[in-house]
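Residue numbers (our numbering): 8 to 187. Here's the structure we're looking at; comments come further down.
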Amino acid sequence: MKIHQNNVLGELGSAIGKGLLAGLAATAAITISQMIEMKITKRKPSDAPVKVAEETVGAKPVPGEKEKMSQELHWAYGTTWGVARGIISLTGLKGWPATLAHFGAIWGTSMIMLPMFKAAPPITEEEPKSIAIDGLHHAIYAITAGLTYDALDAGSRHEKRFNKLESLLDIKKLIKKIKK
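In structure tokens form, the structure reads like this:
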């Protein structure tokens, strides 16, 4: 007896949905992290999302709306990266190993993509302090996404209780134990 049947498309849909929610939470976390850092360092907001959008799809902000467009792209991009966390979980990676893989994918992509579209200098031309700050922001994103995803993926309290009860009452296992 099972609460639900295993189903590949259902598992994929579930991973994508949980990933989007995790990505949304993580985007909120990295946004707060960046806002705090910009206040401390007096750094201006990045226009990298707009530069990449202009280069890749020819999107141009309405005059005077560059920062708004940048924020919209930042939220869309960050939320969408949560899907990668869901896909990673389908490989069997869970917890911290999945979070580390997600972090590597996110930050690695950023280090390749932004210089490619002239939205940021290559990492070899960055100051160590800037690299550390960028790494910290991406780590905050990945950790938040991982914790959120794992919490969503844990299953309901009732499902866990039912599965535990089911395994305790598994007749086939019980018969095998008795026969031994």
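Idealized CB from N, CA, C, for every residue including glycine.
Item	Value
Contact between the region 18 to 32 and the region 141 to 160 (3+ Cβ pairs under 8 Å)	yes
Residues of its chain near S77, where Cβ-Cβ distance is below 6 Å and the 5 sequence neighbours each way are ignored	D54, P56 and V57
For M45 and A39, the rounded distance between their alpha carbons	Reading off the sequence, residue 39 comes out as Ile, not Ala. Distance between the alpha carbons of I39 and M45: 10 Å.
Span separating the alpha-carbon of K25 from that of A66	29 Å
Contacts around E74, its chain only, beta-carbon distance under 7 Å, and the 5 residues preceding and following it disregarded	P52
Nearest-angstrom Cβ-Cβ length linking I138 and I130, presumed shorter than 8 Å	6 Å
DSSP-derived helix/strand/coil call for E74	helix
Contact belief for Y156 with G93 at Cβ below 8 Å, rounded distance in angstroms	7 Å
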